[in-house]
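Following: one structure in structure tokens, then a few remarks.
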Amino acid sequence: MLDENTLWRDSLRVLGILYKVQNSETRNNVFFLLL
Numbered sequence: 736m737l738d739e740n741t742l743w744r745d746s747l748r749v750l751g752i753l754y755k756v757q758n759s760e761t762r763n764n765v766f767f768l769l770l
């Protein structure tokens, strides 16, 4: 069973990555890889 804090950190990390590539041409590619 995953810890809520772990899930929260993972979510923030993913959101941070998406934010960094928000204006980049690779955004869609990165999003697809995360699916």
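Last residue of the sequence shown? That's 770 in our numbering, and every number before it is there in order. By construction, the Cβ of each residue, glycine as well, lies at the ideal position given by its N, Cα and C atoms.
task: Hey, could you find the ends of the alpha helix (DSSP H) residue 749 is sitting in?
output: Within the sequence shown, numbered from 1, the residue matching residue 749 stands at position 14. Unbroken alpha helix (DSSP H) run through residue 749: 739 to 755.
- request: Compute the Euclidean distance between the alpha carbons of residue 741 and residue 747, then round it to the nearest angstrom.
  value: Taking the first residue of the sequence shown as 1, we reach residue 741 at position 6. Taking the first residue of the sequence shown as 1, we reach residue 747 at position 12. When rounded, the distance between both Cα atoms is 10 Å.
- request: Within its chain, find whatever has a CB closer than 8 Å to the CB of residue 743; leave out the 5 residues flanking it on each side and keep chain order.
  value: Working through the sequence shown from its first residue, we reach residue 743 at position 8. Nothing listed; no residue qualifies.
- prompt: Are residue 768 and residue 749 close, meaning C-beta to C-beta below 9 Å?
  reply: Stepping through the sequence shown from its first residue, residue 768 is reached at position 33. Stepping through the sequence shown from its first residue, residue 749 is reached at position 14. One thing to note: residue 768 has its Cβ no nearer than 9 Å to the Cβ of residue 749.
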